[in-house]
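In the numbering used here, the protein residues as written are 926 to 1174.
Note that beta-carbon positions come from the ideal geometry of N, C-alpha and C, so glycine has one too.
Here the structure is laid out as structure tokens; the discussion comes afterwards.
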């Protein structure tokens, strides 16, 4: 259903979001494919000084050797990737923030690991991906507390600058005012690949009601009653009896 949202709500190697939402970015890919297996490491376990940008966005960190391979393959910016958990077949699409992860590992936000169903150290496959530019996306906040944000449109536009791609059926996470909000990606267009690039693309955004939103229950009004008065005159000079007769609606 079309949910009436509040008024005004419509870095790295990736792009941004703007309205309909304009994504800023670069060129497409070369023809060669990059494919490597890495151990998935959550940001919280990383031995890096500042990983806050990684946790709050939709990108990963790869090791320096990956950049060398990508350069040899002439993979152009913006670099987009498909991450696959072969154990359950789940896939997710993203950009890359930096190439400073330890060799043999890929650093990713916790929400990505949840979507993929992987634990610390599990193997995932990271492959270069060519995705169509997004034209449309329908999002659904998992909690109605998202509606309490004063300017959700501005918050969303600013947050999605840290994303390069969206995958249908995934649940992304955004951070605002020391709180985190999970947002379901309900639908995308085009639908051919199951994911879209939001780099250098005009994307129309629609919203579903929050997952925990409950339609207010309307209490039916009681049936209206009308009263008719009948006057009965009795044969007493000082007595008047009024009989109230209640009729239905």
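Checklist entry - For residue 1146, does the three-state DSSP call read helix, strand or coil? => result coil
Checklist entry - Going by the CB atoms, is the gap between residue 978 and residue 1095 shorter than 8 Å? => result no
Checklist entry - Does residue 1048 come within less than 8 Å of chain B when only Cβ atoms are used? => result Among the chains of the structure shown, chain B does not appear; only one protein chain is present.
Checklist entry - Do three or more CB pairs link the stretch 1006–1018 to the stretch 1079–1086 at distances below 8 Å? => result no
Item to check | Whole-angstrom C-beta distance between residue 1125 and residue 1078, which should lie under 8 Å | outcome: Residue 1078 to residue 1125, Cβ: 20 Å. No contact.
Checklist entry - Which value, in whole angstroms, describes the spacing of the CA atoms of residue 1067 and residue 1098? => result 10 Å
Checklist entry - What span of residues does the alpha helix (DSSP H) with residue 1084 cover, start to end? => result 1077–1084
Next on the checklist: Can you tell me where the beta strand (DSSP E) holding residue 1023 begins and where it ends?
Outcome noted: 1015–1023
Checklist entry - The beta strand (DSSP E) with residue 984 in it runs from where to where? => result 984–986
Item to check | DSSP three-state assignment for residue 1063, whether helix, strand or coil | outcome: strand
Checklist entry - Leaving out five residues before and five after residue 984 in sequence, what residues of the same chain have Cβ atoms less than 7 Å from its Cβ? => result 937, 939, 1019, 1020, 1021, 1022, 1087 and 1089
Next on the checklist: Less than 8 Å between the beta carbons of residue 1045 and residue 967, yes or no?
Outcome noted: yes
Checklist entry - Given that a residue counts as buried once 16 or more other Cβ atoms are within 10 Å of its Cβ, and exposed if not, what is residue 1055? => result exposed
Next on the checklist: Is it buried or exposed, residue 1014, if we count other Cβ atoms within 10 angstroms and call 16 or more buried?
Outcome noted: exposed
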